[in-house]
Amino acid sequence: MSPKHSLLAIGVMLLWGANFVVIDEGLDGVPPLLFLAMRFVLVAIPLVFFVPRPAASWQAVVAVGTFMSLGQFSLLYISLDLGMPAGLASLVLQAQVIFTIVIAAAVIREVPTRRQVVGALIGTAGLVVVVVAHGASAPVLPVLVMLGASLSWATGNVIARAAGVQSGFSMVVWSALVVPVPAFVLSLVVDGGDEVTRALTHLSGVAIASTVYTAVGASLIGYGIWNSLLARYPASAVVPFVLLVPVVGIAAAWVVQDEVPSALEVVGGVVMLVGVAAATVSRRRAPAAAEATATV
1 MSPKHSLLAI GVMLLWGANF VVIDEGLDGV PPLLFLAMRF VLVAIPLVFF
51 VPRPAASWQA VVAVGTFMSL GQFSLLYISL DLGMPAGLAS LVLQAQVIFT
101 IVIAAAVIRE VPTRRQVVGA LIGTAGLVVV VVAHGASAPV LPVLVMLGAS
151 LSWATGNVIA RAAGVQSGFS MVVWSALVVP VPAFVLSLVV DGGDEVTRAL
201 THLSGVAIAS TVYTAVGASL IGYGIWNSLL ARYPASAVVP FVLLVPVVGI
251 AAAWVVQDEV PSALEVVGGV VMLVGVAAAT VSRRRAPAAA EATATV
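Residue numbering for the sequence shown follows this note's numbering, starting at 1 and increasing by one per position.
As structure tokens, then:
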């Protein structure tokens, strides 16, 4: 990649890595599912009226939106609301690489390479260390919910692969339509109408800024640049930049929220990233299921 495009890729990783702290800060005083609905309204409206529908069936668009957007981000927001540290969340979410390889092998018979198998095993070992280390000092439920978010993302990856869906800007916009109504209804059921009304009528400046950042910065600008890079270069040259996301996320949480990971969490995180790197970084083009590793 050219220096200019490498800098653009790094810029996207900065947007995505900081996104976890931005979401966590914005959740103060706003129910997670309501906050999610707000974000995806801004992602879809008004762009859905100007961006052509992606070259995919409605079933594929809905399925991708259900798993990649609604499932992944609802569980991510809930996990953060339950107390998942933002920096650790940016790391655990990358387990989607491992899940994608496993699901693709089981469902669509996409046989992983030996390198990917080794990487998945190493990554899983590191993930287990992270979960055990975090569970020793804090409730493990938020971590398990975050793993659910990773699994939902991975399922969406495989659906997109099986349907031949291109991860273009139009797919980001149109699949976002799947999120707002279910998220809002679930928030009404879980949180109650009074709480939803209170939150909407007392939105803080931080919540509004966080919504704009996640919708415009992380989703539209981030994915717009990312997809343009994937269209220009082999995925094997672009996807490894994703490994910077947890580094940025942990650093941002450290600076903004004084979140200091334990030594064992750091060790487990490093082992996990080594496994993810082994599964995704290659001199030749990797199978598409493993390539479908963008971030939040």
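Positions of the beta carbon are idealized from the N, C-alpha and C atoms, including for glycine.
By alpha-carbon positions, which one of Ala-237, Phe-35 and Ser-150 ends up nearest to Leu-91? On the sequence shown, residue 91 is found 91 positions in, with the first residue counted as 1. Ranking the options by Cα distance to Leu-91, first place goes to Ser-150.
Using DSSP with H/G/I as helix, E/B as strand and the rest coil, what is Ala-294? What you label residue 294 is simply residue 294 of the sequence shown in a count that begins at 1. Confidence at Ala-294 is low in this model, with a pLDDT of 42, below 50, so its placement is unreliable and the value that follows should be read with caution. Residue state, collapsed to three classes: coil.
- Query: How is His-202 classed by DSSP in three states: helix, strand or coil?
  - Reply: Your numbering for residue 202 matches position 202 in the sequence shown. Here His-202 sits in coil by DSSP.
Separation of Gly-192 from Leu-15, as counted between CA atoms: Locating residue 15 in the sequence shown gives position 15, where the first residue counts as 1. Locating residue 192 in the sequence shown gives position 192, where the first residue counts as 1. For Leu-15 and Gly-192, the distance between alpha carbons rounds to 33 Å.
Name the residue from Pro-240, Ala-263, Leu-244 and Gly-217 whose alpha carbon lies nearest to the alpha carbon of Ala-279.
Within the sequence shown, residue 279 is the residue found at index 279, counting from 1. Among Pro-240, Ala-263, Leu-244 and Gly-217, the Cα nearest to that of Ala-279 belongs to Pro-240.
Taking 8 Å as the threshold (C-beta atoms), are Gly-26 and Val-206 in contact? Your numbering for residue 206 matches position 206 in the sequence shown. Your numbering for residue 26 matches position 26 in the sequence shown. Going by C-beta atoms, Val-206 is nearer than 8 Å to Gly-26.
(message) Am I right that Ala-44 and Leu-177 are in contact with their C-beta atoms under 8 Å? What's the rounded C-beta distance?
(response) Stepping through the sequence shown from its first residue, residue 44 is reached at position 44. Stepping through the sequence shown from its first residue, residue 177 is reached at position 177. Going by Cβ atoms, the distance from Ala-44 to Leu-177 rounds to 5 Å, so yes, they are a contact pair.
Original post:
Do the CB positions of Gly-156 and Phe-67 come within less than 8 Å of each other?
Top reply: Counted from its first residue, the sequence shown places residue 156 at position 156. Counted from its first residue, the sequence shown places residue 67 at position 67. Yes, they are a contact pair.
ask   = Can Val-173 and Val-41 be called in contact, C-beta distance under 8 Å?
value = Translated into the one-based positions of the sequence shown, residue 173 becomes position 173. Translated into the one-based positions of the sequence shown, residue 41 becomes position 41. The answer is no: Cβ separation not under 8 Å.
Complete alpha helix (DSSP H) runs within the segment 87-141 (minimum length 4 residues, chain order): 96-107 and 114-135
message = By the DSSP assignment, the alpha helix (DSSP H) with Gly-268 in it spans what residues?
response = Here residue 268 refers to the residue found at position 268 of the sequence shown. Note, Gly-268: alpha helix (DSSP H), 263-280.
(request) Measure the alpha-carbon distance for Ala-86 versus Arg-161 and round it to whole angstroms. (result) As a working mapping, residue 86 is identified with position 86 in the sequence shown. As a working mapping, residue 161 is identified with position 161 in the sequence shown. Ala-86 and Arg-161: Cα-Cα distance of roughly 29 Å.
- prompt: So Gly-301 and Met-272 are in contact, right, with Cβ under 8 Å, and what is the actual spacing, rounded?
  reply: Not covered by the structure: residue 301. The range shown for the chain is 1 to 296.
### Message
I need the straight-line Cα distance from Trp-226 to Leu-220, nearest angstrom please.
### Response
Position 226 of the sequence shown, counting from 1, holds the residue named residue 226. Position 220 of the sequence shown, counting from 1, holds the residue named residue 220. Spanning the two alpha carbons is a distance of roughly 10 Å.
In the DSSP assignment, find the alpha helix (DSSP H) that holds Tyr-77 and state where it starts and stops. Taking the sequence shown and counting its residues from 1, the one referred to as residue 77 is at position 77. 72-81 is the span of the alpha helix (DSSP H), which, as asked, contains Tyr-77.
Where does Phe-20 fall in DSSP's three states? The residue labelled residue 20 in the question sits at position 20 within the sequence shown. Of the three classes helix, strand and coil, the one that applies to Phe-20 here is helix, per DSSP.
Near Met-62, what residues of its chain come up, given a Cβ to Cβ distance below 7 Å and the 5 sequence neighbours on each side ignored? On the sequence shown, position 62 is the one that residue 62 refers to. The sequence shown places Val at residue 62, rather than the Met named in the question. Only Val-178 meet the Cβ criterion.
Taking buried to mean at least 16 other C-beta atoms within 10 Å of its own C-beta, is Gly-249 buried or exposed? Here residue 249 corresponds to residue number 249 of the sequence shown, with the count starting at 1. So Gly-249 counts as buried.
(message) Using 8 Å as the cut-off, can you tell me whether the segment 131-140 makes contact with the segment 74-81, which would need three or more C-beta pairs spanning the two stretches below that distance?
(response) no
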